Amino acid sequence: MMNQRQDWPTDGLESVPACPVCGSTSRALLYEELTDIVFGTAPGRWTLYRCIQCEAAYLDPRPTPSSIGLAYAHYYTHTTEDSPEGRPKSPLVRLLHGWVNDHFNARYGLTRTPASWGGRWLIPLVPFFFAKSRAKMRHLTPPLPGGGRLLDVGFGNGSFLKIASEMGWRAEGIDFDAKAVEVARARDLNVSCTSVSELAARPCNESYDVITLSHVIEHVHDPIALLHDLYRLLKPGGRLWLETPNINSLGAVRFKKYWRGLEVPRHLVLFSPSSLQTSLMNAGFKQIEQHWHGMAALSMYSESGALAHRQDTQEASRQIIPSIAAIIDEVREMMQPSRREFLTFSARK
Ligand SMILES: [Zn+2]
Ligand SMILES: [Zn+2]
Numbered sequence: 018m019m020n021q022r023q024d025w026p027t028d029g030l031e032s033v034p035a036c037p038v039c040g041s042t043s044r045a046l047l048y049e050e051l052t053d054i055v056f057g058t059a060p061g062r063w064t065l066y067r068c069i070q071c072e073a074a075y076l077d078p079r080p081t082p083s084s085i086g087l088a089y090a091h092y093y094t095h096t097t098e099d100s101p102e103g104r105p106k107s108p109l110v111r112l113l114h115g116w117v118n119d120h121f122n123a124r125y126g127l128t129r130t131p132a133s134w135g136g137r138w139l140i141p142l143v144p145f146f147f148a149k150s151r152a153k154m155r156h157l158t159p160p161l162p163g164g165g166r167l168l169d170v171g172f173g174n175g176s177f178l179k180i181a182s183e184m185g186w187r188a189e190g191i192d193f194d195a196k197a198v199e200v201a202r203a204r205d206l207n208v209s210c211t212s213v214s215e216l217a218a219r220p221c222n223e224s225y226d227v228i229t230l231s232h233v234i235e236h237v238h239d240p241i242a243l244l245h246d247l248y249r250l251l252k253p254g255g256r257l258w259l260e261t262p263n264i265n266s267l268g269a270v271r272f273k274k275y276w277r278g279l280e281v282p283r284h285l286v287l288f289s290p291s292s293l294q295t296s297l298m299n300a301g302f303k304q305i306e307q308h309w310h311g312m313a314a315l316s317m318y319s320e321s322g323a324l325a326h327r328q329d330t331q332e333a334s335r336q337i338i339p340s341i342a343a344i345i346d347e348v349r350e351m352m353q354p355s356r357r358e359f360l361t362f363s364a365r366k
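Numbering-wise, our numbering comes out as the position in the sequence shown, counting from 1, plus 17.
What follows is the structure in structure tokens.
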């Protein structure tokens, strides 16, 4: 493991004089002296600015595209676990996953395991569980008869590709991480090591019915170019779904430089609700809808609290009883879309 106080190589840094979202140069200092407290593996100390114009936050300086690989040496996609972080689950979380699987099986005709008895009735009755299960499905429904083509950008461990193909989608994934591609291929998933811009540059590229990006856009050097390329890749009427941490969330305000969503230096840009909505509109998207990722405050507060106390995040995320503040803010975020931990949006071409 690399010492986090080591400097990022100077020739691997680039300055970011203007906001990567709206291009404005007016900004305020948000936090300085940030380090990789999440994985503790990436070198460097980082400064985060807040754009006065659009409220997005961004690193300046930031790693160059050719040096950013240094930040991913021990990243969590290199696991085949169904848990995105690849960590052991508590008994309560395992039971919840079993209920969600039973609910999915009943609702979408899937055969997911392990399925716990009663989930099909219980999940729709509890708003937090139901919202969480819809978010896990990325608010997707099965394709029309004849099927449909789905692209997952930055598929991570491939668990969503598996769900989507079980639902009947012809699901494909792309990732810049060659190791993640290798692991997913071994699981018989249809994946390739390429980028959105390479796909969009090919002829006959209006080919996808659905494109999803879960916690990807904040890792990208040019998120606006990405949105334009995604628009190009969709069929007319096709649907984009994306999720990214919300810099205006209750958790970001409460935990400040220890908020789990900052994740420097892998997160280059952190959107606010209006900056993401405006960027989607400017790229041509219509019918923009915000969704609720239930139980996000519970998990983000648990992990951010652990970071704040410089404890082990894996230990804290196994807590069965979350803090009272997390429960209160979970309810507030249900009612206040602009303060949710994650910006979960869908839109149509
Ligand atoms: Zn801006
Ligand atoms: Zn991320």
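Glycine included, C-beta positions come from ideal geometry on N, C-alpha and C.
Keep in mind it's a predicted model, so treat the numbers as computed, not measured.
Backbone secondary structure at residue i - three-state DSSP
| i | result |
| --- | --- |
| L113 | helix |
| V237 | coil |
| V55 | coil |
| A206 | The sequence given here places Leu at residue 206; Ala does not occur at that position. Coil. |
| G254 | strand |
| D99 | Because the pLDDT at D99 is just 43, under 50, the model does not fix this residue reliably, and the point stays unresolved. |
| L30 | strand |
| T295 | helix |
| P37 | coil |
Test item: CB-CB of residue i and residue j under 8 Å
| i | j | result |
| --- | --- | --- |
| L287 | G301 | no |
| D53 | P282 | yes |
| V38 | A73 | yes |
| V55 | L324 | yes |
Check: residue i C-beta below 7 Å from any heavy atom of ligand 2
| i | result |
| --- | --- |
| H284 | yes |
| H238 | no |
Buried or exposed (CB count within 10 angstroms, at least 16 for buried), residue i
| i | result |
| --- | --- |
| I69 | exposed |
| L161 | exposed |
| W138 | exposed |
| A88 | buried |
| I341 | exposed |
| K347 | It should be noted that the sequence gives Glu, not Lys, for residue 347. That one is buried. |
| N174 | buried |
| G135 | exposed |
| G390 | Limits of the chain in this structure are 18 at one end and 366 at the other, which puts residue 390 out of reach. |
| L230 | buried |
| T361 | buried |
| I345 | exposed |
| T97 | Any answer about T97 is weak, because its pLDDT of 43 lies below 50 and its placement is not dependable; what the coordinates show is given next. Under this definition T97 is an exposed residue. |
Distance cut-off 7 Å: residue i Cβ against heavy atoms of ligand 1
| i | result |
| --- | --- |
| V38 | yes |
| A73 | yes |
| Q70 | yes |
| S292 | yes |
| S289 | no |
Checklist entry - Does the segment 190-202 come close enough to the segment 218-229 to have 3 or more Cβ pairs within less than 8 Å? => result no
Next on the checklist: Does the structure place the segment 136-155 close enough to the segment 199-207 that three or more beta carbon pairs sit under 8 Å?
Outcome noted: no
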